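Structure, as structure tokens:
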Amino acid sequence: MIEIIPAIDIIAGRCVRLTKGDFASEKSYDVTPVEMALKYAEAGVRRLHLVDLDGAKEGKPMNMKTLSEIHKAVPGMDIEWGGGISKEDHVDMALEAGAGHVIVGSTAVREPLKMVKWLREFGGEKIVLGADVRDGAVAVKGWTETSEVTVEALVERFVPKGLKEVIVTDISRDGMLQGPADGLYVALKERFPEVVLTVSGGIASMEDIERLNGLGLDRVIVGKAVYEGRISLKEIELWSQKG
Numbered sequence: 385m386i387e388i389i390p391a392i393d394i395i396a397g398r399c400v401r402l403t404k405g406d407f408a409s410e411k412s413y414d415v416t417p418v419e420m421a422l423k424y425a426e427a428g429v430r431r432l433h434l435v436d437l438d439g440a441k442e443g444k445p446m447n448m449k450t451l452s453e454i455h456k457a458v459p460g461m462d463i464e465w466g467g468g469i470s471k472e473d474h475v476d477m478a479l480e481a482g483a484g485h486v487i488v489g490s491t492a493v494r495e496p497l498k499m500v501k502w503l504r505e506f507g508g509e510k511i512v513l514g515a516d517v518r519d520g521a522v523a524v525k526g527w528t529e530t531s532e533v534t535v536e537a538l539v540e541r542f543v544p545k546g547l548k549e550v551i552v553t554d555i556s557r558d559g560m561l562q563g564p565a566d567g568l569y570v571a572l573k574e575r576f577p578e579v580v581l582t583v584s585g586g587i588a589s590m591e592d593i594e595r596l597n598g599l600g601l602d603r604v605i606v607g608k609a610v611y612e613g614r615i616s617l618k619e620i621e622l623w624s625q626k627g
């Protein structure tokens, strides 16, 4: 059963959503990150996906206070945290603030030896690869720049070094509510069956999630569809009970 992982994207301590990673498209919601985390906990969610968008843009964590507040509010929640993780101190900070898993994106592309070191020191259970894809290549620096590295090459580089989990976001679909790029994820799962793959970008309905589940995928992130009322907390609760 595919696991639903709700996303909380954070700018200046607020819940926001972007469209296609464009900061100019920022839309704020009248609910705090802590309030959303509590709602998800009540719905039986076991894992949250938190993104420090300020941190992703600046290359250093900017919303650690919010992470700590969420951890204190829902201490039993498994939290994956990303955005601006570029130094080992940042990994330590996130873990100490309550993250169970730290997502590394731009640094994995730009400084692969650092990523290898962190996988060795912290383990593949704590260090998660975040691969944000635009036109087949992995984007960096809060999606503001595109590298020449493909997602396949990036995952292949780190699997022998202990990588166990990867979150792949299709930027072209993120926030568009048009459905995920099924083929991208099926191909990745077939190539790397030993890696836990999380689908991210474009989820618009429970039908999308049911289809991904039928394709044998591991996890799926939902964000805007919840805020916009396309997927209800009750539906997430019922699905979580199945798992």
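Going by the working numbering, the residue at position 232 of the sequence shown is 616; the numbering climbs one at a time, nothing skipped.
Cβ atoms here follow ideal geometry from the backbone N, Cα and C, with glycine treated the same way.
Because the structure is a prediction, the values reported are computed rather than measured.
Roughly how many angstroms separate the alpha carbons of residue i and residue j, rounded to a whole number?
i, j, result
"residue 470", "residue 488", "8 angstroms"
"residue 549", "residue 408", "30 angstroms"
"residue 508", "residue 442", "25 angstroms"
"residue 525", "residue 600", "31 angstroms"
"residue 521", "residue 455", "33 angstroms"
"residue 574", "residue 512", "19 angstroms"
I'd like the list of long-range same chain contacts for residue i, defined as Cβ closer than 7 angstroms, with 5 residues on each side in sequence excluded.
i, result
"residue 625", "428"
"residue 499", "488, 491, 492 and 542"
Assuming residue i contacts residue j under a Cβ cut-off of 8 angstroms, what Cβ separation, rounded to an integer in Å, is found between them?
i, j, result
"residue 478", "residue 497", "The pair is not a contact, with the Cβ atoms about 20 angstroms apart (cut-off 8 angstroms)."
"residue 558", "residue 581", "Contact doesn't hold; Cβ gap of about 17 angstroms is too wide."
"residue 588", "residue 609", "5 angstroms"
"residue 440", "residue 468", "5 angstroms"
Using C-beta distances below 6 angstroms, list every residue in its chain close to residue i, excluding the 5 sequence neighbours before and after it, in chain order.
i, result
"residue 415", "399"
"residue 584", "551, 553 and 605"
"residue 579", "550"
"residue 537", "none"
"residue 593", "604"
Report all residues from its chain with a CB closer than 8 angstroms to the CB of residue i; omit the five preceding and five following residues, and keep chain order.
i, result
"residue 430", "387, 461, 462 and 624"
"residue 402", "393, 409, 410, 411, 437, 558 and 559"
In this structure, does DSSP put residue i in helix, strand or coil?
i, result
"residue 434", "strand"
"residue 504", "helix"
"residue 539", "helix"
"residue 476", "helix"
"residue 513", "strand"
"residue 449", "helix"
From this set, the options, which residue's C-alpha is nearest residue i's C-alpha?
i, options, result
"residue 448", "610, 512 and 395", "395"
"residue 503", "425, 385, 563 and 486", "486"
"residue 417", "613, 406 and 434", "434"
"residue 466", "561, 445 and 529", "445"
"residue 629", "591, 530, 517 and 576", "One cannot answer for residue 629 here, as it falls past the ends of the chain, which runs 385 to 627."
Would you say the beta carbon of residue i comes nearer than 8 angstroms to a heavy atom of the ligand ADP?
i, result
"residue 564", "Although the ligand ADP was asked about, the structure shown includes no ligands whatsoever."
For a cutoff of 9 angstroms on Cβ pairs, would you count residue i as touching chain D?
i, result
"residue 389", "Any reference to chain D falls outside this structure, which holds one protein chain only."
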